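Working notes for the structure below.
This is the structure in structure tokens:
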């Protein structure tokens, strides 16, 4: 019915799937606006290309569309700066299989190596912020430096973590989709 341009069929498709698609995107990006845009883009594309598509399993098709749209969003460099700070705080939860455990462990190792590779003062500031949960002002007072220096060092840390993690983000995207989106 969608192929024939039935708007009611499209509305039903949208109503049934937009929430799960949004949740899957949000699980990865944690950015409401970006996730809403991604889901809207997918549905707009779906409507525009409806006569050319041959979709066998709608949930699988939409899950894959979300995964690729999120990956393209990350590759475009539009991702929020705090995404990488949140990513560096990941703790390994009990994965459902050995492959997931290996991928999560590898990602955690990549992040830890990036943090360990930071210059001493930069690493100290980053860890005080992340692990110590100290504000920029508190770190500046503790280390007897300016707040601007703290901000600059945290920015350097996040850029280096981003550079280390970005090549591995697709693996990160694949892991949650196994269980996140039904």
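In the numbering used here, the protein residues as written are 657 to 838.
For each residue, glycine too, the CB sits at the ideal point set by N, CA and C.
Note that the structure is a prediction, hence the values are computed from the model and not measured.
| query | Would residue 718 pass as a contact of residue 698 if the rule is Cβ separation under 8 Å? | reply | yes
| said: At the level of alpha carbons, what is the spacing between residue 687 and residue 788? | reply: Each residue's Cα considered, the two are about 25 Å apart.
| query | For the 8 Å Cβ check, are there 3 or more pairs between the stretch 774 to 781 and the stretch 807 to 816? | reply | yes
| task | Return the residue from the list 692, 768, 764, 818 that minimises the CA-CA distance to residue 722. | result | 692
| query | Candidates 727, 705, 665, 814: which alpha carbon is nearest residue 684's? | reply | That would be 727, whose Cα lies nearest to the Cα of residue 684.
| query | In terms of residue numbering, what span does the alpha helix (DSSP H) encompassing residue 697 cover? | reply | 688 to 704
| Cα-Cα separation between residue 674 and residue 706, rounded to whole angstroms | 17 Å
| task | Provide the residue span of the alpha helix (DSSP H) that contains residue 804, from first to last. | result | 803 to 821
| request: Decide if residue 819 is buried, meaning its Cβ has at least 16 other Cβ atoms within 10 Å, or exposed. | output: exposed
| query | Shorter than 8 Å from the beta carbon of residue 703 to some beta carbon of chain C? | reply | Here chain C cannot be found, since the structure has a single protein chain.
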